[in-house]
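Peer 1:
There are 2 protein chains.
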Amino acid sequence: MAAMNVPALATLTRLRTACSQCNLRELCLPVGLSSEELSTLDNMVSTRRKVRRGDSLFYGGEPFSALYAVRFGFFKSTLTSGDGREQVTGFYMAGELLGLDGIGGERHTCTLTALEDSEVCVMPFARVEELSRRFEPLQRHFHKVLSREIVRDQGVMMLLGSMRAEERLAAFLVNLSQRLTARGFSASEFVLRMTRDEIGSYLGMKLETVSRLFSRFQEDGLIEVHQKHVRIIDIAGLKRVMAQAHAAS
Amino acid sequence: MAAMNVPALATLTRLRTACSQCNLRELCLPVGLSSEELSTLDNMVSTRRKVRRGDSLFYGGEPFSALYAVRFGFFKSTLTSGDGREQVTGFYMAGELLGLDGIGGERHTCTLTALEDSEVCVMPFARVEELSRRFEPLQRHFHKVLSREIVRDQGVMMLLGSMRAEERLAAFLVNLSQRLTARGFSASEFVLRMTRDEIGSYLGMKLETVSRLFSRFQEDGLIEVHQKHVRIIDIAGLKRVMAQAHAAS
DNA sequence: CGTAATTTTGACTCCGCTCAATTGGCGTGG
DNA sequence: CCACGCCAATTGAGCGGAGTCAAAATTACG
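Respectively, the protein sequence lines represent chains A and B.
Heads up, our numbering is the position in the first sequence plus 1039, with the first residue counted as 1.
Heads up, our numbering is the position in the second sequence plus 1039, with the first residue counted as 1.
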């Protein structure tokens, strides 16, 4: 039959971009689907794209056409204000969705840059919308993803608006550790993909302050730092730092 | 016929909650629909709800079931962190959508409180999802609303992360003025619905700083303030303050 | 009309920024 | 393989913007 004549290469491509085969499935798709249902979602990803460290997946101002799911690697998103100031608005790792900012205005508002060699699944947005109209669990899931991004951003607003520098950095480390754990990496030992400057931009402080605080956390026995290598020694201690009210009350 | 026997009260209710008749239509629904298409959307709103000044529409932690469109009035959203600190994460006025944060985790993460007597349209979320599966323009519109909320939050992150107190307050005033203009109010003269403390919380500064900056802006001839009454005198000047790089470069 | 809440203003303090020098890591080319 | 140069990170000294504490003025509201 005709189906048997599909060239090996095409089969390979299909396999390579098949969501149903992806080990990040539970991170970017609804859970509890039959394999049959899952395979209908394989149509969502049109192709994959590699992004080399330092290169950008898309730039602020570019027309929006697709969402991207991180397969592996690490990204930062940056926003550039009218007067040229640049602010890091988020860090993204495997299984997270990029490009949600572009839906509203039909162009991207931020720039997404790889902090290490990375790969993403390209999901043309028209296809995402079409599938989620036909497939309720996907619709539900997609809405949750959008909503969680809003909640995440509000968490950052809380961070920036009401915490002091040391609390912010502690919260940052705890959050990073949790996200890495969820992806099967060590919770206590990791390599920072971003510079002190990028951490500082994200957390609303200067790179020198970040550096000083790392040193202080180390003196206090909370972590061990050597450049980009971080080992968390006392996670409970970090959580205490991050939650401590300003004045002892 | 039976349809003729619909009691007058029910007709009235239908009229009162009809999106197709609402003068905020262009703020919360897709534009360019036929009146026929519009009337299918009348099913989205189940009822209206009044919220008295100081009362809350919902609280953080409560189960999520519906979205709300502001008909008139003014709301603040607040987030309470583990250690009890409260942060204002946004202000909402007529035509804006509340409750988007609740979709992801099926409970609300923030509390929405009316800052003046207000009224909202209640839109059961299941109905929103159902209608947006059947009606493409609504789906598209809803996705845009979600995305714009993300973009808005990122703007606030930029504000909090990379601007100084006076720049933040100037940006706040300019933004408020623009949103009021879009709703047909005066761009230059308005009444602040929130306290200095709430502005400060939103902008990541203390209420005393807000007050001092209002006074300074007044001395500099940018605005006129008497308590909650604000009149913008020099909007271009405010924009200059908000965009000025830290060091004179 | 009186009491509470909000706002304004002042004086002082301190956290985080600026400026600057130094150290450390890493890739490149001699 | 080591030397060089570049970039990132660390550390110090001094300063300034915004916070804290406090008191007075003004307004809102029951």
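All C-beta atoms in this analysis are idealised placements derived from N, C-alpha and C, irrespective of residue type, glycine included.
Because the structure is a prediction, the values reported are computed rather than measured.
#1: Output the residue ranges of the alpha helix (DSSP H) runs that lie fully inside the segment 1161-1222 of chain B and measure 4 residues or longer, sorted by chain position.
#2: Which residue marks the beginning of the alpha helix (DSSP H) containing TYR1098(A), and which one marks its end?
#3: Taking the C-alpha atoms as reference points, what is the distance between ASN1214(A) and ALA1221(A)?
#4: Just to confirm the assignment, what range does the alpha helix (DSSP H) spanning GLU1075(A) have?
#5: For the segment 1121-1141 of chain A, enumerate the residues whose C-beta is nearer than 9 Å to any C-beta of chain B, in chain order.
#6: Consult DSSP for PHE1256(B) and reduce its assignment to one of helix, strand or coil.
#7: Who are the neighbours of GLN1217(A) on chain B, taking C-beta pairs under 9 Å?
#8: Given this structure, state the Cα-to-Cα distance separating LEU1185(B) from VAL1127(B), to the nearest angstrom.
#9: Can you tell me whether LEU1137(B) is helix, strand or coil according to DSSP?
#10: Note down, in chain order, each residue of its chain lying with its Cβ closer than 7 Å to the Cβ of ASP1236(B), except the 5 sequence neighbours on either side.
#11: What is the rounded straight-line gap between the Cα of SER1227(B) and the Cα of PHE1211(B)?
#12: Under the three-state reduction of DSSP, which class applies to ASP1156(A): helix, strand or coil?
#13: Can you confirm whether the segment 1255-1264 of chain A touches the segment 1178-1197 of chain A when touching is taken to mean that 3 or more C-beta pairs between the two stretches lie within less than 8 Å?
#14: Between which two residues does the alpha helix (DSSP H) holding ALA1275(A) run?
#15: For GLY1141(A), which of HIS1265(B), LYS1183(B), VAL1161(B) has the nearest alpha-carbon?
#16: Could you list which residues in chain B have their beta carbon closer than 7 Å to that of LEU1118(A), in chain order?
#17: Can you tell which of LEU1219(A), ALA1204(A), GLY1223(A) has the C-alpha that lies nearest to the C-alpha of SER1240(A)?
#18: For a contact defined as C-beta to C-beta under 7 Å, what are the partners of ARG1187(A) on chain B?
#19: Taking 9 Å as the CB-CB cut-off, is LEU1051(A) touching chain B?
#20: Output needed in chain order: residues of the segment 1079-1106 of chain A with a Cβ under 7 Å from some Cβ in chain B.
#21: Just to confirm, are SER1073(B) and SER1120(A) a CB contact at a threshold of 9 Å?
#22: Given a cut-off of 9 Å on the beta-carbon distance, is the pair ALA1057(A) and SER1078(A) in contact?
#23: Closer than 8 Å between beta carbons: that is the criterion. Which residues of the segment 1144-1161 of chain A meet it against chain B?
#24: Reducing DSSP to helix, strand and coil, say where ARG1270(A) ends up.
#25: Output, in chain order, the set of chain A residues within a Cβ distance shorter than 8 Å of GLU1205(B).
#26: At 7 Å on the CB atoms, spell out the chain A contacts of LYS1183(B), in chain order.
#27: Between which two residues does the alpha helix (DSSP H) holding ARG1235(A) run?
#28: Would GLN1193(B) be called buried (16 or more neighbouring beta carbons within 10 Å of its own) or exposed?
#29: Please list, in chain order, the chain B residues whose beta carbon lies closer than 7 Å to that of ARG1166(A).
Peer 2: Judging by the given coordinates:
#1: Annotation: the segment 1161-1222 of chain B contains the following complete segments of the alpha helix (DSSP H) (minimum length 4 residues), in chain order: 1164-1173, 1175-1201, 1204-1221.
#2: Counting along the chain, TYR1098(A) falls outside any alpha helix (DSSP H), and DSSP gives it neither H nor E.
#3: One C-alpha to the other measures close to 11 Å.
#4: Boundaries of the alpha helix (DSSP H) harbouring GLU1075(A): 1074-1079, taken from the DSSP string.
#5: The residues in question are GLY1121, ASP1122, GLY1123, ARG1124, GLU1125, GLN1126, VAL1127, THR1128, GLY1129, LEU1139, ASP1140, GLY1141.
#6: Correct three-state label for PHE1256(B): helix.
#7: Residues of chain B passing the Cβ test: none, with the nearest at roughly 14 Å.
#8: In a straight line, the C-alpha of LEU1185(B) is about 19 Å away from that of VAL1127(B).
#9: Looking at LEU1137(B) - three-state DSSP - the assignment turns out to be strand.
#10: Excluding sequence neighbours, ASP1236(B) sits near LEU1246.
#11: Between SER1227(B) and PHE1211(B), the alpha-carbon positions lie close to 14 Å from each other.
#12: Residue state, collapsed to three classes: strand.
#13: They do not touch, by the three-pair rule.
#14: Start and end: 1274-1282.
#15: Comparing Cα positions, the closest option is LYS1183(B).
#16: Annotation: Cβ neighbours of LEU1118(A) in chain B (cutoff 7 Å, chain order): GLN1193, MET1197.
#17: It is ALA1204(A) whose Cα lies nearest to the Cα of SER1240(A).
#18: By Cβ distance, chain B contributes GLY1143.
#19: Unreliable placement is indicated for LEU1051(A), whose pLDDT of 49 sits below 50; no coordinate value is reported for it.
#20: The residues in question: there are none.
#21: For SER1073(B) and SER1120(A), no; Cβs fall outside 9 Å.
#22: Cβ distance < 9 Å, so ALA1057(A) and SER1078(A) count as in contact.
#23: Of all residues in the segment 1144-1161 of chain A, only GLY1144, THR1148, CYS1149 place a beta-carbon less than 8 Å from a beta-carbon of chain B.
#24: The three-state reading of DSSP puts ARG1270(A) in strand, counting E and B together.
#25: In chain order: nothing, as chain A lies at least about 14 Å away.
#26: Those within 7 Å of LYS1183(B) in chain A are ILE1142, GLY1143.
#27: Taken as a continuous stretch (DSSP letters only), the alpha helix (DSSP H) holding ARG1235(A) covers 1235-1242.
#28: If you draw a 10 Å sphere on the C-beta of GLN1193(B), you find 16 or more other C-beta atoms in it, and that means buried.
#29: The premise fails here: ARG1166(A) is roughly 13 Å from chain B at the closest Cβ pair, so nothing lies under 7 Å.
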